[in-house]
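One structure is given here, and the rest of the page talks about it.
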Amino acid sequence: MDGDVASEQAGLGVFCPLKETLKLLGKRWTILIIKEIYYSKRNKLSFMELKRLLVDVSTKMLSERLKEMQENGLIIRKVKDDVKPARVYYSLTDKGDDACDILEALKQYGRKWGGEKVDCKELNCELCVEKRLAANH
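Encoded structure:
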């Protein structure tokens, strides 16, 4: 690892897959947006649905993060203009969908090291989402 840092500082530009992944997914809310779209019944969510599910995110931050995620090829913004008013939905690209494998690893880590496991009954809680999905199948 120190060799990578030294090489990069020397201008050799060593490629680090972990660093590149963190550039894509490491900003606050990104992985949670992916999670919400992935676990949605239609595999797409509107801005307002995302805002409702991610209760602590500001409107400005959600808008900025969605724009960045589009630019990075993680999500697609689709306008459904055959209804009035037109509706905008966000869905995962193949690149975004591939990030869902990381969700599973993060869930396992959280189960092991994330503290007390309490069923909070919130709509956006991972444990509660899993229980709802299991009940619907």
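Position 26, counted from 1, in the sequence shown is what numbering that gives the first Met the number 0 calls 25; the numbers after and before it change by one each time, with no gaps.
We put the CB at the ideal spot given by N, CA and C, even for glycine.
What you are looking at is a predicted structure, and each value in this text was computed from that prediction instead of being measured.
Between Gly109 and Leu73, the C-beta spacing is not below 7 Å. Runs of the alpha helix (DSSP H) lying entirely within the region 5-87, each at least 4 residues long, are 16-24, 29-38, 46-52 and 58-70 in chain order. Taking C-beta atoms as the reference points, Ala98 and Ile33 count as a pair closer than 7 Å. At a Cβ-Cβ threshold of 7 Å, Ile36 and Leu91 count as neighbours. Annotation: Phe14 to Thr20 spans about 11 Å, alpha carbon to alpha carbon. Classified as buried, Thr29 has 16 or more neighbouring CB atoms from the shown chains inside 10 Å of its CB.
Pairing Asn71 with Leu23 gives a Cβ-Cβ distance under 7 Å.
In the DSSP annotation of this structure, the continuous segment of the alpha helix (DSSP H) that includes Gly109 starts and ends at Cys99 to Trp112. By the neighbour-count criterion, in which 16 or more other beta carbons inside 10 Å mark a residue as buried, Met68 falls on the buried side.
In terms of Cβ geometry, Lys50 and Tyr88 do not form a close pair [threshold 7 Å]. Comparing C-alpha distances from Lys26 to each of Lys83, Met60, Val54 and Arg41 shows the shortest one belongs to Met60.
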